[in-house]
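Those protein sequences? They're chains A and B, same order as listed. Once you know that position 101 of the first sequence is 101 in the working numbering, the rest is easy, because the numbers rise by one and skip nothing. For any residue, its number in the working numbering is found by taking its place in the second sequence, counting from 1, and adding 1000.
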Amino acid sequence: MVIYGVAILAVCMIVGMLLGEWLGIAIGVEANVGGVGIAMLILIIVIDRLKISNRLSEPTQMGLGFWNAMYIPIVVAMAANQNVVAALDGGPLAIVTGIAVVVISFLAVPFVSRIGKGKSESIDEGGRPL
Amino acid sequence: MIESIENVLVGNGLIFGFAIVGAIMVIAYALSKYATRGLVHGSSIAILLGLVLAYIGGRLTGGENGLSDVSLFAGISLLGGGMMRDFAIVATAFGADFREIKRAGVTGVLALVLGILLSFTIGVVFALMFGYTDAVSLTTIGAGATTYIVGPVTGAAIGASSEVIAISIAAGLVKAILTMALTPFLGKYIGLDNPRSAMVFGGLLGTTSGVAGGLAALNPKLVPYGAVTATFYTGLGCLLGPSVLYMMMRLIFGG
């Protein structure tokens, strides 16, 4: 059933968020540490297991696929909720800092990507279209 | 008559939100096809339109939540709020390959730590150039350069002034918005075409909304890889900001 897919997603997210909260408490931070990331890892493993045991039915996948596809519209809604005015009104310090951070971080991406990259996989990655 | 329309639209805010975003997507894809001949992807135009609407909403109302502060469009805050955003980000993992994440895992963690240190340092350098010399203000503005959550969390913990906290939030917002807007255009020049570089990108930039929004417009298949590292960034930043980074700043600048 479609709801099974949605429910798997929901349970993974709640478990991940909870672990993220506990991780935050454990290290003494007032923030959720990686809750969404943990939830993603749990979901990937759960789906892997279900696929292997052939229990991931077509409707279940539809429940997961729908929210996967809703991602971009939700991001657009999120963009419409941003405090763009405050970002621009934050003054020149905030604006130049923001610009510099983004530009320098972008430039660092190719260099950091090269770290720890083996020979065999670079062929693999280069040749496979995403 | 007008009142009844308003009642229906406000009373069914989330549903109206779906309709609004659908309309934005139609306009964005039409602009992509006819105005840019497909050169600029529809979703990047849609995100830009969202940001423009957020600006207009913010200017009209003086609120903090963009378009959703206009009461008629309040429903869009449900659709674009943290809960739905996180739910949809988790859902993107449905298309991710666990082997890819494992393979680039160490590089991703490295990017995460480097990203926080890099952004923090840049923030501190610019704060110095603008005349801030005390460890508390420098740390807070540096933390704001990581994300707009780390900035105020750090600032509150170490007792920064509200003016400095406001600057740190604004710097983080500029970062998130620019990442969203620039990634689709610059992604191909920095090799953002495979899971590994997407994970590095998520770790270096760290702003979940910026990374996830930018990658969505560049190539939706890359979103889970960028998001899986980016979602650890803010937590790690909140951990390092008021502790290790603040200590370092006190050692260097005194106070």
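We treat Cβ as the ideally placed atom computed from N, Cα and C, and that holds for glycine. As the structure is a computational prediction, the values presented were derived from the model and not from experiment.
Rounded to a whole number of angstroms, what is the C-alpha to C-alpha distance between residue i and residue j?
| i | j | result |
| --- | --- | --- |
| M40 of chain A | E1064 of chain B | 30 Å |
| I1190 of chain B | M1199 of chain B | 13 Å |
| G116 of chain A | V1109 of chain B | 11 Å |
| V96 of chain A | I1015 of chain B | 38 Å |
| I25 of chain A | A86 of chain A | 31 Å |
| S1137 of chain B | A1111 of chain B | 26 Å |
| K119 of chain A | V103 of chain A | Confidence in K119 of chain A is poor, its pLDDT being 43 and thus under 50, which makes the residue's placement too unreliable to answer from. |
| G20 of chain A | I14 of chain A | 10 Å |
| I1027 of chain B | L1117 of chain B | 40 Å |
| G1050 of chain B | F1018 of chain B | 13 Å |
| R49 of chain A | I72 of chain A | 27 Å |
| S1243 of chain B | T1139 of chain B | 10 Å |
| E121 of chain A | T1092 of chain B | Below a pLDDT of 50, predicted positions are generally treated as unreliable, and E121 of chain A, at 47, falls in that range; the measurement from the model is reported next regardless. Distance between the alpha carbons of E121 of chain A and T1092 of chain B: 24 Å. |
| I45 of chain A | G1058 of chain B | 42 Å |
| S105 of chain A | G1115 of chain B | 7 Å |
| A1096 of chain B | P1224 of chain B | 6 Å |
| G1203 of chain B | A1030 of chain B | 33 Å |
| Y1233 of chain B | R1250 of chain B | 23 Å |
| L23 of chain A | D1086 of chain B | 18 Å |
| Y4 of chain A | G65 of chain A | 12 Å |
| G1293 of chain B | S53 of chain A | Outside the shown range of chain B (1001 to 1255) lies residue 1293 of chain B, about which nothing can therefore be said. |
| S1043 of chain B | E1100 of chain B | 25 Å |
| T1107 of chain B | L1215 of chain B | 19 Å |
Under 7 Å Cβ-Cβ, which residues of chain A neighbour residue i?
| i | result |
| --- | --- |
| R1085 of chain B | I74 and M78 |
| L1257 of chain B | Residue 1257 of chain B falls outside the range modelled here, since chain B spans only 1001 to 1255, and no answer is possible. |
| M1248 of chain B | Here the premise fails: no neighbours, minimum Cβ distance about 18 Å. |
| G1066 of chain B | A80, N81, Q82, N83 and V84 |
| T1140 of chain B | None at all; the shortest Cβ gap to chain A is about 12 Å. |
| G1159 of chain B | Going along chain A, no residue has its Cβ under 7 Å from G1159 of chain B, so there is no contact; the nearest lies around 15 Å. |
| A1135 of chain B | None at all; the shortest Cβ gap to chain A is about 17 Å. |
| A1212 of chain B | V75 |
Given a cut-off of 7 Å, decide if residue j and residue i are closer than it, judged by their beta-carbon atoms.
| i | j | result |
| --- | --- | --- |
| S1077 of chain B | S1068 of chain B | yes |
| G1213 of chain B | I1056 of chain B | no |
| V2 of chain A | M62 of chain A | yes |
| G1066 of chain B | A80 of chain A | yes |
| T1231 of chain B | T1208 of chain B | yes |
| M70 of chain A | A1088 of chain B | yes |
| G90 of chain A | A1170 of chain B | yes |
| K1175 of chain B | V109 of chain A | no |
| H1041 of chain B | A1181 of chain B | no |
| V84 of chain A | A1074 of chain B | no |
| V1211 of chain B | G1235 of chain B | no |
| L93 of chain A | I1177 of chain B | no |
| A1145 of chain B | I1165 of chain B | no |
| G16 of chain A | G28 of chain A | no |
| F1120 of chain B | G1151 of chain B | no |
| T1147 of chain B | G1172 of chain B | yes |
| V1090 of chain B | L43 of chain A | yes |
| V76 of chain A | V1021 of chain B | yes |
| G1241 of chain B | T1154 of chain B | yes |
Along chain B, in chain order, which residues have C-beta atoms closer than 9 Å to that of residue i?
| i | result |
| --- | --- |
| L56 of chain A | Those do not exist, as L56 of chain A stays about 10 Å from chain B at its closest Cβ, beyond 9 Å. |
| K51 of chain A | The contacting residues do not exist; K51 of chain A stays about 11 Å from chain B at best. |
| Y4 of chain A | By Cβ distance, chain B contributes nothing, its closest Cβ being about 13 Å from Y4 of chain A, past 9 Å. |
Could you work out which residues of chain A lie near residue i, taking near to mean beta carbons separated by less than 8 Å?
| i | result |
| --- | --- |
| I1015 of chain B | Ordered by position in chain A, no residue passes the 8 Å Cβ test against I1015 of chain B, which lies about 13 Å from the chain. |
| F1232 of chain B | V33, G34 and G37 |
Given that residue i touches chain B, what residues does it touch there, using C-beta distances under 8 Å?
| i | result |
| --- | --- |
| I45 of chain A | F1098 |
Under 9 Å between beta-carbons, which chain A residues line up against residue i? List them in chain order, please.
| i | result |
| --- | --- |
| I1165 of chain B | Simply none; closest approach about 11 Å. |
Mind listing the chain B neighbours of residue i? Cutoff is C-beta to C-beta under 7 Å, in chain order.
| i | result |
| --- | --- |
| A26 of chain A | The contacting residues do not exist; A26 of chain A stays about 11 Å from chain B at best. |
| W67 of chain A | F1087, A1088 and A1091 |
| V85 of chain A | Y1055, G1058 and R1059 |
| M149 of chain A | Residue coverage of chain A in this structure runs from 1 to 130, which leaves residue 149 of chain A outside it and unanswerable. |
| A100 of chain A | I1122 and F1126 |
Report yes or no: is there a C-beta of chain C within less than 7 Å of the C-beta of residue i?
| i | result |
| --- | --- |
| G90 of chain A | Checking the listed chains, one finds no chain C in this structure; the protein chains it contains are A and B. |
If you scan the stretch 1070-1116 of chain B from start to end, which runs of the beta strand (DSSP E) of 3 or more residues do you find wholly inside it? none
What are the complete beta strand (DSSP E) segments, minimum 3 residues, inside the stretch 1132-1218 of chain B? none
Which parts of the stretch 1219-1253 of chain B are runs of the alpha helix (DSSP H), unbroken and 4 residues or longer, counting only runs that do not cross its ends? 1223-1240 and 1246-1253
Note down, one range per segment and in chain order, each alpha helix (DSSP H) of at least 4 residues found wholly within the stretch 18-104 of chain A. 35-52, 58-69, 71-80 and 84-89
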